[in-house]
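Comments concern the structure below.
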Amino acid sequence: MPSTMLRQYSFEGHTFIPVIKNIKSLLHSEKLVVIADAVMISKDNIEKLNADGIGFVVGARLANLPPNLIDSLSSALSATDGNITTETYQGQRLICKYSSKRAAKDNSDRLKQLEKAQLAISTPSKITSRFRFVKTFGRKPSLNTKLLTKAEKLEGIKGYLTNTDLPETVIINRYHDLWRIEYSFRITKSDLEARPIFHRLDETIKAHLIIVFADFAISKYLEIKTGMSIKRILKIAGKVLTHKVTNTKTGEVAYVETTIEDQP
Numbered sequence: 425m426p427s428t429m430l431r432q433y434s435f436e437g438h439t440f441i442p443v444i445k446n447i448k449s450l451l452h453s454e455k456l457v458v459i460a461d462a463v464m465i466s467k468d469n470i471e472k473l474n475a476d477g478i479g480f481v482v483g484a485r486l487a488n489l490p491p492n493l494i495d496s497l498s499s500a501l502s503a504t505d506g507n508i509t510t511e512t513y514q515g516q517r518l519i520c521k522y523s524s525k526r527a528a529k530d531n532s533d534r535l536k537q538l539e540k541a542q543l544a545i546s547t548p549s550k551i552t553s554r555f556r557f558v559k560t561f562g563r564k565p566s567l568n569t570k571l572l573t574k575a576e577k578l579e580g581i582k583g584y585l586t587n588t589d590l591p592e593t594v595i596i597n598r599y600h601d602l603w604r605i606e607y608s609f610r611i612t613k614s615d616l617e618a619r620p621i622f623h624r625l626d627e628t629i630k631a632h633l634i635i636v637f638a639d640f641a642i643s644k645y646l647e648i649k650t651g652m653s654i655k656r657i658l659k660i661a662g663k664v665l666t667h668k669v670t671n672t673k674t675g676e677v678a679y680v681e682t683t684i685e686d687q688p
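Sequential numbering of the sequence shown, starting at 425, is according to my numbering.
Structure (structure tokens):
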């Protein structure tokens with residue numbers, strides 16, 4: 425196979441920094457702040473963003489925090505809905521907020537996992553996979569009470585790590601705006617039917633991305649102007665038919681639009 429037909433693919437986390445630098449250059453922005461989930465920004469990427477003077481807001485992996493810091497956060501938030509506290513962690517601001525709604529979900533998940541762990545411990549011969557609250561020493565499984573206690577203390581707490589000096593509420597609100605990005609991708613895949621296409625050449629890859637983003641930009645413009653969802657707009661547009669009418673005597677051509685009415 426010719427070498428020109430081979431392409432090396434990289435993990436997104438490894439291409440993240442070059443892309444951000446290009447965006448910063450294109451926008452001519454010295455105050456660019458990157459907002460991403462914890463999966464995308466690794467410790468190495470955080471160090472690189474700091475070195476390049478690029479701000480970031482990332483979801484914090486609270487389970488990886490030292491026990492004394494978890495105790496401090498839990499005590500400061502005091503399981504009070506809406507409470508916010510800020511600590512310093514690895515030279516960055518760690519902002520945490522307590523939500524009673526999140527706590528209820530975390531508690532439900534923990535109890536379900538605890539039930540599975542206890543069942544696995546009672547019948548160790550049936551253990552075929554890893555359980556969150558089960559630890560093993562040799563062949564004898566037991567309950568990981570240390571991890572269980574940590575999970576209980578973290579119930580209802582969401583953390584955000586940042587190197588910016590933006591207000592706490594701004595950090596939290598902007599992070600939660602990430603759902604809009606996810607929603608946009610869902611629109612392109614579902615309503616706009618922009619399915620993945622495997623391209624080989626850079627030109628065709630870029631062309632495909634431009635078409636998809638242009639398509640999405642137009643759809644958002646229509647949503648803003650009409651106040652309707654793109655799904656509704658496409659449904660209406662699907663009822664509009666354009667007919668080409670030719671006068672057989674004069675040869676004159678005209679285009680006429682008609683609408684298919686909804687059936688009762």
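We put the beta carbon where it would ideally sit given N, CA and C, even for glycine.
The alpha helix (DSSP H) enclosing residue i, as first and last residue numbers
i    : result
E511 : Not the alpha helix (DSSP H): E511 falls in the beta strand (DSSP E), residues I508 to Y513.
A500 : P491 to L501
A527 : S524 to S546
K659 : I654 to A661
Given residue i as reference, the closest of the options once Cα atoms are compared
i    : options                   : result
L518 : D468, F622, L497 and L450 : L497
F561 : N531, I545 and E576       : I545
T504 : V481, N492, G515 and K577 : K577
V558 : S549, Q537 and K574       : Q537
K570 : A631, I494, D533 and K448 : I494
K448 : S466, K467, D468 and L473 : L473
E539 : L572, K564 and Y513       : L572
Q516 : R556, A528 and Y584       : Y584
G662 : E681, Y645 and N671       : E681
R604 : Q514, D589 and F640       : F640
I470 : N587, T670 and N671       : N587
K655 : S614, E627 and L451       : S614
T666 : K659, A678 and N531       : A678
A528 : I581, T512 and H632       : I581
Neighbour-count burial assignment, residue i, 16 or more Cβ in a 10 Å radius
i    : result
E676 : exposed
L535 : exposed
Y599 : buried
I648 : exposed
K521 : buried
S499 : exposed
E579 : buried
A638 : exposed
T509 : buried
I621 : exposed
R431 : The pLDDT assigned to R431 is 46, lower than 50, so where the model puts this residue is not dependable; a value taken from the coordinates is nonetheless given after this. Label assigned to R431: exposed.
S524 : exposed
Three-state secondary structure (DSSP) of residue i
i    : result
A460 : strand
L571 : helix
P591 : coil
R517 : strand
K596 : With the sequence shown as reference, residue 596 is identified as Ile, and Lys is not the correct amino acid for it. It is helical.
S549 : helix
L616 : coil
K472 : helix
K448 : helix
K564 : strand
T439 : helix
K673 : coil
P688 : Residue confidence is low: P688 scores 45 on pLDDT, short of 50, so the model does not pin down where it sits. No coordinate-derived value is stated.
L486 : helix
Residue range of the unbroken beta strand (DSSP E) whose run includes residue i
i    : result
E681 : V677 to T683
K455 : Run containing K455: none; DSSP gives neither H nor E here.
L665 : V664 to T670
K630 : From DSSP, K630 is part of no beta strand (DSSP E) but of the alpha helix (DSSP H) over D626 to T650.
F480 : G479 to G483
F609 : Looking at the DSSP string, F609 is not in any beta strand (DSSP E); the run it does join, the alpha helix (DSSP H), is L602 to K613.
I581 : I581 to T586
K559 : V558 to F561
Residue i: CB within 7 Å of a non-hydrogen atom of the ligand NAD
i    : result
T682 : Among the components of this structure there are no ligands whatsoever, and the ligand NAD is therefore not found.
For the segment 602 to 615 against the segment 485 to 501, do three or more pairs of beta-carbon atoms, one drawn from each stretch, fall closer than 8 Å, so that the two count as touching? no
Is the number of C-beta pairs between the segment 451 to 467 and the segment 480 to 487 that are closer than 8 Å three or more? yes
Is it true that the segment 446 to 456 meets the segment 467 to 480, where meeting means three or more beta-carbon pairs spaced less than 8 Å apart? yes
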